[in-house]
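Last residue of the sequence shown? That's 61 in full-length UniProt numbering, and every number before it is there in order.
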Amino acid sequence: MTDALPNTMFRITLNDGRVILATLRGKMRRSYVRIFPGDRVRVEMTPYDEARGRIVAKENR
């Protein structure tokens with residue numbers, strides 16, 4: 001995770017170098033999962049827009 005934006009949006013750099021916007025999954029948002037710059041996250045991509053995704057899990061550092 002590169003940068004935190006308002007409304008639970010995050011700027012994420014993928015392993016292949018692309019930068020996308022991702023939001024927290026609803027279950028993670030309700031559980032108040034905190035994500036900080038530098039954290040590794042698992043992202044689910046949408047097939048309709050390659051520049052957006054959903055954060056589904058927080059990986060261990």
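For glycine and all other residues, C-beta sits at the position ideal for the given N, C-alpha and C.
Buried or exposed for residue i, going by 16 or more other Cβ atoms inside 10 Å?
i, result
"L24", "buried"
"T53", "The sequence given here has Gly at residue 53, not Thr. Burial call: buried."
"A22", "buried"
Taking residue i as part of the alpha helix (DSSP H), name the residues at either end of that continuous run.
i, result
"R29", "26-30"
Please report the residue range of the beta strand (DSSP E) in which residue i lies.
i, result
"R18", "Premise fails: R18 is in no beta strand (DSSP E) and is neither H nor E."
Under the DSSP definition of a beta bridge, which residues are partnered with residue i?
i, result
"F10", "A4, A22"
"G53", "A22, M45"
Where residue i and residue j are concerned, what is the direct C-alpha to C-alpha distance, given to the nearest angstrom?
i, j, result
"F10", "R34", "12 angstroms"
"V41", "S31", "16 angstroms"
By DSSP, does residue i sit in helix, in strand, or in coil?
i, result
"E44", "strand"
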